[in-house]
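Note sheet for the following structure.
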């Protein structure tokens, strides 16, 4: 297809893209700059974007004094476990609702979606009582189960939409060749749905990685607390270490940015194709 845009339209498109980039990337750039500046520079009357002098003091404080690496490990364990469980359970649910003859499947999907509509603050109290009675406080299990409930509706809906775009003739051909229903899912549907799996996996991972409220309620010591709670613990009654917080935020944000940039092609393909019915 020939490009019929005028030069003025092209200029506006690139200008809009630049404004979006500055709007979205500005806070991250400022956060990274803050992590390399001395405390006295951060509290001065004229803050600067360029660190002068440059310092790694805040990274030392975050990792050595405040043991940021322990929070990172806890978040990594919980987020990875949540992601794999969301993909496993969500793919089974989406496959059953999309490819099998399930009566009232759209009603079931609406029920699944309605689970994610409850405000988290309304669920903290009841879930805290359940976790207390089951002895799950200060455990990975409590966080993983809770995050699974938070991420599963989105994973199921995105995978369902993507599975619906795959031709039904594939199922018929596979069954004629003697492929079982689990084999159809494992050997045919899932390999063809890699973009959607990457998209939903990243969304589930980021949701678990950034969640704060339930992690704050269910954990009370550094052995199980995740990154958002750990960063919140940096502050005290009389002092907010902005540099240390910026350093910790930079450390935990970079992996997410790298993952999104690395898988951006699969993310775009997974989100767009899930909305098209062939």
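Residue numbers (the numbering used here): 263 to 540.
Even for Gly, the Cβ is constructed at its ideal location relative to N, Cα and C.
Predicted, not measured: the structure shown is a model, and the values here were computed from it.
Next on the checklist: Let me check understanding here. Comparing Cα to Cα, which of 382, 408, 331, 393 lies closest to residue 344?
Outcome noted: Looking from the CA of residue 344, the closest CA among 382, 408, 331, 393 belongs to 408.
Item to check | Inter-residue CB distance, residue 349 and residue 488 (contact presumed, cutoff 8 Å) | outcome: 20 Å between Cβ atoms; not a contact.
Checklist entry - What separation, rounded to the nearest whole angstrom, lies between the Cα atoms of residue 215 and residue 517? => result The structure shown does not extend to residue 215, since the chain is modelled only from 263 through 540, so no value can be given for it.
Checklist entry - Taking Cβ to Cβ, would you say residue 505 is nearer than 8 Å to residue 333? => result no
Next on the checklist: For residue 311, report the span of its alpha helix (DSSP H) as first-last.
Outcome noted: Here residue 311 belongs to no alpha helix (DSSP H), and DSSP marks it neither H nor E.
Item to check | Contacting residues, own chain, Cβ-Cβ under 6 Å from residue 382 (five flanking each side not counted) | outcome: 475
Checklist entry - Straight-line CA distance for residue 336 to residue 419? => result Going from the Cα of residue 336 to the Cα of residue 419 covers about 28 Å.
Checklist entry - residue 402 and residue 443 look like a contact to me (Cβ under 8 Å); what is the Cβ gap, rounded to whole Å? => result With a contact defined as Cβ atoms closer than 8 Å, residue 402 and residue 443 miss out at about 33 Å.
Next on the checklist: According to DSSP, simplified to helix, strand and coil, what is residue 330?
Outcome noted: helix
Next on the checklist: I'd like to check one pair, residue 425 with residue 360: are the Cβ atoms closer than 8 Å?
Outcome noted: The Cβ-Cβ distance between residue 360 and residue 425 falls below 8 Å.
Checklist entry - Below 8 Å, can you find three or more Cβ-Cβ pairs linking the segment 442-457 to the segment 494-502? => result Contact annotation: the segment 442-457 does not touch the segment 494-502, with fewer than three C-beta pairs closer than 8 Å.
Checklist entry - Going by other Cβ atoms of all chains shown within 10 Å of its Cβ, with 16 needed for buried, is residue 440 buried or exposed? => result Residue 440 is exposed by the Cβ-count criterion.
Item to check | Helix, strand or coil at residue 401 [DSSP, three-state] | outcome: Here residue 401 sits in coil by DSSP.
Checklist entry - Which residues bound the alpha helix (DSSP H) around residue 320? => result 319-322
Item to check | Whole-Å CB distance - residue 330 paired with residue 317, under 8 Å assumed | outcome: About 17 Å separates the two Cβ atoms, so there is no contact after all.
Item to check | Proximity of residue 477 and residue 324 at Cβ, strictly below 8 Å | outcome: Their beta carbons are not under 8 Å apart, which means residue 477 does not touch residue 324 by this criterion.
Item to check | Boundaries (first-last residue) of the alpha helix (DSSP H) holding residue 489 | outcome: 489-494
Item to check | residue 362 versus 481, 430, 467, 284, residue with shortest Cα-Cα distance | outcome: 430
Checklist entry - In three-state terms, what does DSSP make of residue 267? => result coil
Next on the checklist: Here's a check: name, in chain order, each residue in its chain whose Cβ is nearer than 8 Å to the Cβ of residue 328, leaving out the five neighbours to either side.
Outcome noted: 492, 495, 496, 506, 510
Next on the checklist: Using the three-state DSSP reduction, which class does residue 280 fall into: helix, strand or coil?
Outcome noted: helix
Checklist entry - Are the beta-carbon atoms of residue 290 and residue 515 separated by less than 8 Å? => result yes
Checklist entry - For the alpha helix (DSSP H) that contains residue 434, what are its first and last residues? => result 431-438
Next on the checklist: Given a cut-off of 8 Å on the beta-carbon distance, is the pair residue 525 and residue 456 in contact?
Outcome noted: no
Next on the checklist: Using 8 Å as the threshold, is the C-beta distance between residue 415 and residue 458 below it?
Outcome noted: no
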